[in-house]
Amino acid sequence: MPPRPGTLPPGAVPPVQRTPQADPTVAMRPGADAPAAQRPGADAAAQRPGADAAAQRPGADAPAAQRPGADAPTQRVSAAMGASAAAGAAGTASAANDAPTTRVAGGPPAGGPPTVPPGGGSGGGAGGGKGGGKSNRWRTIRRIGYVVVAAGILVPILMFMLAYVVQDVPRPGELQTNQAATIYNSDGEGVITKVIPPEGNRTEVELDAIPVHVRNAVLAAEDRDFYSNPGFSVTGFARAARDNVLGRDSAGGGSTITQQYVKVAVVGSERTLTRKLKELVLSTKMANQWAKDDILAAYLNTIYFGRGAYGIAAASNAYFGKPVGELTVEEGAVLASSIQLPSLLDPEQNPEGAEARWNYVLDGMVAAGTLDAAERTGMKYPAYVPIAELDNGDQSSGPEGLIKNQVLAELSREGIDENLLNTAGLQITTTIDPQAQQSAVEAAQSNLEGEPEELRTAVVSVDPRSGAIRAYYGGESGVGYDFAQSGLQTGSSFKVFGLAANLDQGVPLSQTYDSGPLTVNGIKIGNVEGESCGQCTIAEALKRSLNTSFYRMMLEMDNGPQAIADMAHKLGIAKELPGIGETLTEPGGIGPNYGIVLGQYQSRVLDMASAYATLAASGRHHEPYFVQKVVTSDGEVLLDRGTPAGEQVVDAAVADNTTSAMTPIAAYSNGHALAGGRPSAAKTGTAQLGDTGSNKDAWMVGYTPSLSTAVWVGTEEGLPLENSWGGMIYGSGIPSDIWKDTMDGALEGTEVESFPKPEPIAGVSGVPAWTATTTAPATREQTTTSRVVPSLPEVPEITTQNVEIFPGVTIPVPGVAPQTTTQNAPSRPGTGGQQEESEDTGGGTGGGTGGGGTGDDSDEGGSPPQNRIPGLESPAIPGAQGGGFQGAQGGSPQGAFEYAPAG
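Rendered as structure tokens:
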């Protein structure tokens, strides 16, 4: 609206804000001194265009006091101006109405400020110029913003449209998944085996041939909104985009069935934003062009279910050996539950995880209304076809098949799943040394040839400097049981960990212990054939494998059983085993029994080789592994381990002194020293079969600085161990034969290495030159040169309770109050029964070394956790579970032992 006469436009300074001054140019202007009515043009005011419309302009009829700024000039009128205005008001009415108000010299016009010309005065012009410049700049910025926003919207739309037109979604029959993966020896050249996807195992079936309950199970597992969603998950895409930007390993996931099919059929599983965008485009196209039932059919005929099975038809056969149309609700839920992680949710490999996912699927069906809740309540996990009975066409039926299984399991742990394995043409270089592997296989086969057919063996060789597995033989059948991964009782081969734990507590190899029989609670603990070295060093007791010395050693240790368990775990014994749970402890994790020092608990052949390898490496542990490098067919490196650094888990002095005590044993055990005088450190072990007097597990474990090998011999059914002529098998027999042949063959042509000289412990470095205290110098300040052999105290109070030592076998066990025995050096008499094991020298007694062949023995021990010995720190009765003792009242000998006659 134009400014009203007498008012100022916005931004103009009102005249009343200036100090009223007389205009010096008034007298110079033409007609300035004439009355207003006489000035040129004054009489024509009424004739100017629009002059008569003044009253019609908005606000023209408003009182002056109500117009913006009208009150300001009236409040600032000078006294002279006020007098002039009063005089004007007293004039005639015609003068007041017809003529303009006369201007008062030295003050503003009485009728208000003069009209400002259009465009304003000088001040207003300057202000308007600045405001216009700012407006132009903001206008430019806004326009640029509009362009950027438009580009951000239009460019993706154009790209989406282009990709939508160009990309196509293949049908299941058009997919290619038959690239074989090759598993090589450590040299990268020799082929161990291949992983060949089953040819033609994807049998396409119509959707109608798949039971409705199987389809519903898959929907409950993978996409519960399948029939209502647009083919993609916005939240899943956003989450994947976020995780990719942040570089999280969990990037991806949240895909619909449509997206999963597109990923498998076209875009692959690469974790990138580009791949996810492409997946989104194709999922949208597929959802728009395909019917939902067609999408579901394509998905079920394509997706990988594990066990080498692509598609629902192949999976039905692989898991249940039946056509897909015969699947039950429970079986359909098993297949549906395997889709998420087919490598890790196989019911045989991971029963707990598989059943948890199975329950999730069935509960989802109930929630969706496709399964009755009452029917769901009575469902049990169905039986399935064992993996060993599958024939997937890869021809890995020999010992190499078990290596392949371990390689696949390790790849899965590294994030390389079976789908990638079967489609990327992987070249997998393992740690298996061809020379060592051939030696292990030939040693196992040749030494079992002609022996009873039920005998089985396992051989594992580990590189102490890296953890690389150089040889692996878990059995003759590549699709059978893998004994190298089985929990097996170790017998006296476990005494090594007890010795290391004792050294770790500062007790040297020169420390002596009584090797005489030990009776506790009416149970007698002894050594085979009454073998004894008197009061001899623990190093000598290890060579002879004397149970009584090691039992007394454990009792003198600080928290002996737990210290031994901790040492074994540090060196490489697994803390948990599939099907067994926590290792080296009683059920419920209450801690180990006293029988631990004599090999009461179970360990794997692989773990024994690894733990001994840690000793060979002077206490530096390397996790054992099979896979060195993985490369795809197009050259992309998926995994390269390099040389693992390992971790120093025990002091080098502890490991090296343990090694020093073990160096005589291979030669001492029926002459199994390595070829060419190569130094080695070893220990045998045997575990007894209950109270039968027969053995069920026999071991030989040993190493050089460059190779550690563990050998086990036993049976699948736990039968008594007998050789071809009916004799008992011990660790110094067939297991030692296999060990020596494996080591000699693997190390042939390599440098003969020596072990490092041990740093001293309590002033003693390595095995002392003497074996008995009667000729030994003092080894510690508090120990004299001679010690009185303690005799066991009489039991003043005995309370009898029946204890079950084997299933169905109980004996009366008296309770014994703790007693003390006075002697020159700190020592506690044995207070618990335990399994027996010793190596017999074939004639040597006392402190001598004897002359005949040697044997090693062990039998089972342990106690039920509810049994207690009054006054003892440990809650368990040593030796109450298993053999390893002799009943006090005419009981038959139950301790396992080994005896090999001279010659």
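Going by my numbering, the sequence shown opens with residue -19, and the numbers climb by one from there.
Ideal placement from N, C-alpha and C gives every residue a C-beta, glycine not left out.
Looking at the structure shown, is residue i part of a helix, part of a strand, or coil, going by DSSP?
{"i": "GLY312", "result": "helix"}
{"i": "LEU557", "result": "strand"}
{"i": "GLN668", "result": "strand"}
{"i": "THR623", "result": "coil"}
{"i": "LEU489", "result": "coil"}
{"i": "LEU370", "result": "coil"}
{"i": "ARG436", "result": "strand"}
{"i": "TYR299", "result": "helix"}
{"i": "GLY682", "result": "strand"}
{"i": "ALA653", "result": "coil"}
{"i": "ASP721", "result": "helix"}
{"i": "ALA662", "result": "strand"}
{"i": "ASP614", "result": "coil"}
{"i": "ASN507", "result": "coil"}
{"i": "MET708", "result": "strand"}
{"i": "GLN582", "result": "strand"}
{"i": "VAL744", "result": "strand"}
{"i": "ASN385", "result": "helix"}
{"i": "ALA752", "result": "strand"}
{"i": "LYS265", "result": "helix"}
Considering only residues of the same chain and omitting the five flanking positions on each side of residue i, which have a CB-CB separation below 6 Å?
{"i": "ASP413", "result": "SER166 and ARG450"}
{"i": "LEU138", "result": "none"}
{"i": "GLY540", "result": "MET534"}
{"i": "TYR592", "result": "VAL681, TYR683 and SER688"}
{"i": "VAL194", "result": "LEU307 and GLY312"}
{"i": "MET708", "result": "ASN675"}
{"i": "LEU134", "result": "none"}
{"i": "GLN469", "result": "GLN582, ALA667 and ASP677"}
Less than 7 Å between C-beta atoms, sequence neighbours within five positions excluded: which residues of the same chain meet that for residue i?
{"i": "GLY333", "result": "LEU324 and LEU325"}
{"i": "ILE741", "result": "LEU483, GLY486, PRO488, ALA633 and ASN637"}
{"i": "GLY569", "result": "GLU562"}
{"i": "ASP905", "result": "Outside the displayed range of the chain (-19 to 883) lies residue 905, so it cannot be described from this structure."}
{"i": "GLY132", "result": "none"}
{"i": "TYR461", "result": "GLY455 and GLU696"}
Would residue i pass as an interface residue toward chain D - the criterion being a Cβ-Cβ separation below 9 Å?
{"i": "ARG287", "result": "No chain D is present in this structure, which holds just one protein chain."}
CB residue i to CB residue j, shorter than 9 Å?
{"i": "LEU276", "j": "LEU391", "result": "no"}
{"i": "THR684", "j": "GLY381", "result": "no"}
{"i": "ALA363", "j": "VAL459", "result": "no"}
{"i": "LEU315", "j": "TYR299", "result": "yes"}
{"i": "THR403", "j": "GLN159", "result": "yes"}
{"i": "TRP750", "j": "PRO715", "result": "no"}
{"i": "SER704", "j": "GLY405", "result": "no"}
{"i": "LYS555", "j": "ALA641", "result": "no"}
{"i": "ALA635", "j": "ALA480", "result": "yes"}
{"i": "THR594", "j": "PRO738", "result": "no"}
{"i": "ALA890", "j": "THR517", "result": "In this structure the chain extends from -19 to 883, so residue 890 is not present and cannot be described."}
{"i": "ALA545", "j": "MET537", "result": "no"}
Would you kindly report the start and end of the unbroken alpha helix (DSSP H) that includes residue i?
{"i": "LEU586", "result": "585 to 596"}
{"i": "VAL634", "result": "632 to 642"}
{"i": "LYS174", "result": "Not the alpha helix (DSSP H): LYS174 falls in the beta strand (DSSP E), residues 171 to 175."}
{"i": "ILE237", "result": "237 to 242"}
Within the continuous beta strand (DSSP E) that includes residue i, where are the two ends?
{"i": "GLY688", "result": "Residue identity differs from the one stated: residue 688 is Ser in this sequence, not Gly. Counting along the chain, the beta strand (DSSP E) containing SER688 begins and ends at 688 to 695."}
{"i": "GLN608", "result": "607 to 611"}
{"i": "THR403", "result": "Where THR403 is concerned, there is no enclosing beta strand (DSSP E), although the alpha helix (DSSP H) it sits in stretches over 398 to 403."}
{"i": "TYR452", "result": "449 to 453"}
{"i": "THR409", "result": "407 to 410"}
{"i": "ALA161", "result": "161 to 164"}
{"i": "THR517", "result": "515 to 517"}
Leaving out the 5 sequence neighbours to the left and right, which residues in its chain are closer than 8 Å to residue i when beta-carbon positions are compared?
{"i": "GLN608", "result": "SER166, THR409, THR410, THR411, ALA448, ASP620 and ARG621"}
{"i": "LEU654", "result": "ALA646, SER660, THR684, LYS720, MET723, ASP724 and LEU727"}
{"i": "SER466", "result": "ALA438, ARG584 and VAL585"}
{"i": "PRO29", "result": "With a pLDDT of 41 at PRO29, under the threshold of 50, the modelled position of that residue is not reliable, and the figure given next carries that caveat. Answer for PRO29: no residue qualifies."}
Inset, instruction - Inspect the CB distances between the region 578 to 586 and the region 470 to 484 and report whether three or more fall short of 8 Å. - result: yes
Legend entry - Cβ contact (3+ pairs, closer than 8 Å) linking the region 201 to 208 and the region 335 to 351: yes
Inset, instruction - Mind the definition here: the region 426 to 442 touches the region 690 to 705 only if three or more C-beta pairs lie below 8 Å; say whether that holds. - result: yes
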